[in-house]
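Structure record follows, encoded as structure tokens.
Protein chains: 2
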Amino acid sequence: MELLKKKIMEDGRVLEGNILKVDNFLNHQLDIGLLNEIGKEFRRVFQDRKITKILTAEVSGIAIAAIAAQYFDVPVVFARKTESKNLDQETYEGKVYSYTKGKHYKIRVSKRYIAKEDDILILDDFLANGQAILGLKEIVDASGANLVAAGVVIEKGFQEGGKILREANVEVHALATIDAMIDGKVIFSDK
Amino acid sequence: MELLKKKIMEDGRVLEGNILKVDNFLNHQLDIGLLNEIGKEFRRVFQDRKITKILTAEVSGIAIAAIAAQYFDVPVVFARKTESKNLDQETYEGKVYSYTKGKHYKIRVSKRYIAKEDDILILDDFLANGQAILGLKEIVDASGANLVAAGVVIEKGFQEGGKILREANVEVHALATIDAMIDGKVIFSDK
Numbered sequence: 000m001e002l003l004k005k006k007i008m009e010d011g012r013v014l015e016g017n018i019l020k021v022d023n024f025l026n027h028q029l030d031i032g033l034l035n036e037i038g039k040e041f042r043r044v045f046q047d048r049k050i051t052k053i054l055t056a057e058v059s060g061i062a063i064a065a066i067a068a069q070y071f072d073v074p075v076v077f078a079r080k081t082e083s084k085n086l087d088q089e090t091y092e093g094k095v096y097s098y099t100k101g102k103h104y105k106i107r108v109s110k111r112y113i114a115k116e117d118d119i120l121i122l123d124d125f126l127a128n129g130q131a132i133l134g135l136k137e138i139v140d141a142s143g144a145n146l147v148a149a150g151v152v153i154e155k156g157f158q159e160g161g162k163i164l165r166e167a168n169v170e171v172h173a174l175a176t177i178d179a180m181i182d183g184k185v186i187f188s189d190k
Numbered sequence: 000m001e002l003l004k005k006k007i008m009e010d011g012r013v014l015e016g017n018i019l020k021v022d023n024f025l026n027h028q029l030d031i032g033l034l035n036e037i038g039k040e041f042r043r044v045f046q047d048r049k050i051t052k053i054l055t056a057e058v059s060g061i062a063i064a065a066i067a068a069q070y071f072d073v074p075v076v077f078a079r080k081t082e083s084k085n086l087d088q089e090t091y092e093g094k095v096y097s098y099t100k101g102k103h104y105k106i107r108v109s110k111r112y113i114a115k116e117d118d119i120l121i122l123d124d125f126l127a128n129g130q131a132i133l134g135l136k137e138i139v140d141a142s143g144a145n146l147v148a149a150g151v152v153i154e155k156g157f158q159e160g161g162k163i164l165r166e167a168n169v170e171v172h173a174l175a176t177i178d179a180m181i182d183g184k185v186i187f188s189d190k
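Protein chains in written order, with numbering that gives the first Met the number 0: chain C, 0 to 190; chain R, 0 to 190.
Quick look at the structure:
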């Protein structure tokens with residue numbers, strides 16, 4: 000997606016440790032016009048697929064999923080990381096390994112909001128080590144619903160997440176794939 | 000907002016302890032059509048006001064703010080509750096008291112994303128004890144920006160948050176105000 004790549008090159012910041020900061024437009028401040036174009040592009044990519052619900056995880060996936068859902072005309076469900084009084088007791092759980100924290104945490108969706116008849120599209124901001132999407136897949140699998148595919152805004156192609164997901168038979172589509180970050184510059188894949 | 004009140008009556012669930020669960024459409028599963036109508040209504044309410052940015056706090060405010068921002072044509076910034084590698088070192092901080100946890104926690108916004116020239120509209124899902132919005136106000140005040148008003152989807156009028164905020168000179172507008180919850184029924188204010 001050329002508009003997205005342009006935005007990453009202009010407003011993204013590459014920090015030490017292969018960290019790409021896109022907090023100017025994607026996960027702290029939100030460029031709503033760009034999110035609309037991202038939503039339309041996800042719709043175009045998955046235009047022939049039957050999708051009844053979009054699933055994401057708090058926090059950074061929520062705005063992307065909500066804006067995109069307008070073009071799919073389906074509800075969004077976001078998995079909760081934290082214990083919350085807003086969450087039912089009966090939940091589907093997924094385990095997510097956090098490399099930053101060196102431990103697993105759980106994400107949960109109330110059993111009310113995913114049915115085995117659902118066709119689920121997972122959306123998220125980043126695909127790096129793939130752990131968040133694996134956790135969401137666990138939730139979808141536990142519910143008996145059909146996981147159609149996962150769409151991510153930015154894939155870090157030099158990390159193993161894309162490979163792990165594809166080996167787990169998850170169809171993954173990234174709107175921008177980064178091959179490397181060299182001297183503060185982002186190198187995109189030709190894909 | 001009649002559509003919202005109807006939705007609360009039909010799909011909201013009143014639990015013990017004056018808990019109103021709206022996780023079916025507002026803060027776990029998201030009814031995107033309803034969120035669009037909520038966004039349009041916020042725009043109508045604040046139509047004559049100069050607003051340059053919408054501010055909310057993770058988690059439940061994000062989808063509401065992102066969808067509403069389409070009608071204001073301004074960016075959203077969401078304050079972070081957690082330490083995050085996505086967050087700059089230089090932040091404006093607000094303190095939020097959690098009655099559930101019996102302690103304060105901090106919310107933060109990078110100094111890059113609020114300027115003293117900004118005219119800020121705070122949006123959130125619930126107004127109950129007012130602590131989250133007070134924390135957001137602290138952030139706006141620290142930045143030197145102008146706090147135009149706070150818009151909330153649902154105000155629990157029987158809790159003290161609305162009074163506290165109005166006494167702190169925050170203009171507050173709720174799309175639905177609940178006076179009481181009796182025998183599992185929601186009683187709305189006439190306001």
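Built from N, CA and C at the ideal position, the CB exists for glycine as well.
For the alpha helix (DSSP H) holding residue i, just list the boundary residues, first then last.
{"i": "Ile66 of chain C", "result": "Gly60 to Phe71"}
Just checking my contact of residue i with residue j at CB under 8 angstroms: how many whole Å lie between their CB atoms?
{"i": "Leu126 of chain C", "j": "Val171 of chain C", "result": "7 angstroms"}
{"i": "Gly60 of chain C", "j": "Phe77 of chain C", "result": "7 angstroms"}
{"i": "Asn145 of chain R", "j": "Asp118 of chain R", "result": "5 angstroms"}
{"i": "Ile197 of chain C", "j": "Leu34 of chain C", "result": "There is simply no residue 197 of chain C to check, as chain C begins at 0 and stops at 190 in what is shown."}
{"i": "Leu25 of chain C", "j": "Val152 of chain C", "result": "7 angstroms"}
{"i": "Met0 of chain C", "j": "Leu174 of chain C", "result": "4 angstroms"}
{"i": "Val169 of chain C", "j": "Ile132 of chain C", "result": "7 angstroms"}
{"i": "Arg79 of chain C", "j": "Tyr91 of chain C", "result": "In fact, because the Cβ distance is near 11 angstroms, the residues do not count as touching under 8 angstroms."}
Using only the alpha-carbon positions, how far apart do residue i and residue j sit?
{"i": "Val199 of chain R", "j": "Ala114 of chain C", "result": "Because residue 199 of chain R is not part of the residues shown, which for chain R are 0 to 190, the question remains open."}
{"i": "Tyr98 of chain C", "j": "Asn17 of chain C", "result": "14 angstroms"}
{"i": "Val44 of chain C", "j": "Gly38 of chain R", "result": "27 angstroms"}
{"i": "Arg48 of chain C", "j": "Phe41 of chain C", "result": "11 angstroms"}
{"i": "Val218 of chain C", "j": "Gly143 of chain C", "result": "What is shown of chain C runs 0 to 190, which leaves residue 218 of chain C out entirely."}
{"i": "Lys184 of chain C", "j": "Lys5 of chain C", "result": "12 angstroms"}
{"i": "Ala148 of chain C", "j": "Glu57 of chain C", "result": "19 angstroms"}
{"i": "Ile138 of chain C", "j": "His103 of chain C", "result": "15 angstroms"}
{"i": "Leu192 of chain C", "j": "Ile121 of chain R", "result": "Lying before the first or after the last residue shown, residue 192 of chain C is absent from chain C, which here runs from 0 to 190."}
{"i": "Met180 of chain C", "j": "Ala65 of chain C", "result": "30 angstroms"}
{"i": "Gly32 of chain C", "j": "Asp182 of chain R", "result": "44 angstroms"}
{"i": "Gln69 of chain C", "j": "Gly101 of chain C", "result": "36 angstroms"}
{"i": "Glu154 of chain C", "j": "Gly150 of chain R", "result": "35 angstroms"}
{"i": "Gln88 of chain R", "j": "Arg111 of chain R", "result": "11 angstroms"}
I'd like to know whether the C-beta of residue i is nearer than 8 angstroms to at least one C-beta of chain C.
{"i": "Leu34 of chain R", "result": "yes"}
{"i": "Leu86 of chain R", "result": "yes"}
{"i": "Tyr96 of chain R", "result": "no"}
{"i": "Val58 of chain R", "result": "yes"}
{"i": "Asp22 of chain R", "result": "yes"}
{"i": "Arg42 of chain R", "result": "no"}
{"i": "Ile177 of chain R", "result": "no"}
Using 10 angstroms around the beta-carbon of residue i, count the other beta-carbons present and answer buried if the total reaches 16, otherwise exposed.
{"i": "His27 of chain C", "result": "buried"}
{"i": "Gly156 of chain C", "result": "buried"}
{"i": "Gly161 of chain C", "result": "buried"}
{"i": "Ser109 of chain C", "result": "buried"}
{"i": "Ile50 of chain R", "result": "buried"}
{"i": "Asn199 of chain C", "result": "Outside the modelled stretch of chain C, which goes from 0 to 190, sits residue 199 of chain C, for which no answer is possible."}
{"i": "Gln130 of chain R", "result": "buried"}
{"i": "Leu14 of chain C", "result": "exposed"}
{"i": "Lys52 of chain C", "result": "buried"}
{"i": "Gly11 of chain C", "result": "buried"}
{"i": "Ala67 of chain R", "result": "buried"}
Can you give me the start and stop residues for the beta strand (DSSP E) that residue i sits inside?
{"i": "Ser142 of chain R", "result": "No beta strand (DSSP E) holds Ser142 of chain R; the alpha helix (DSSP H) holding it covers Gln130 to Ser142."}
{"i": "Arg12 of chain R", "result": "Arg12 to Leu14"}
{"i": "Leu54 of chain C", "result": "Lys52 to Ala56"}
{"i": "Gly101 of chain C", "result": "That residue, Gly101 of chain C, is in no beta strand (DSSP E); it is neither H nor E in DSSP."}
{"i": "Phe77 of chain C", "result": "Val75 to Ala78"}
Tell me whether residue i, by its Cβ, gets closer than 7 angstroms to a heavy atom of the ligand NAP.
{"i": "Leu25 of chain R", "result": "Looking for the ligand NAP in the displayed structure turns up nothing, as the structure carries no ligands at all."}
Strictly under 8 angstroms for the Cβ-Cβ distance: is residue i near chain R by that measure?
{"i": "Leu29 of chain C", "result": "yes"}
{"i": "Ile50 of chain C", "result": "no"}
{"i": "Arg165 of chain C", "result": "no"}
{"i": "Ser109 of chain C", "result": "yes"}
{"i": "Ala62 of chain C", "result": "yes"}
{"i": "Val76 of chain C", "result": "yes"}
{"i": "Ala65 of chain C", "result": "yes"}
{"i": "Ala68 of chain C", "result": "yes"}
{"i": "Tyr112 of chain C", "result": "yes"}
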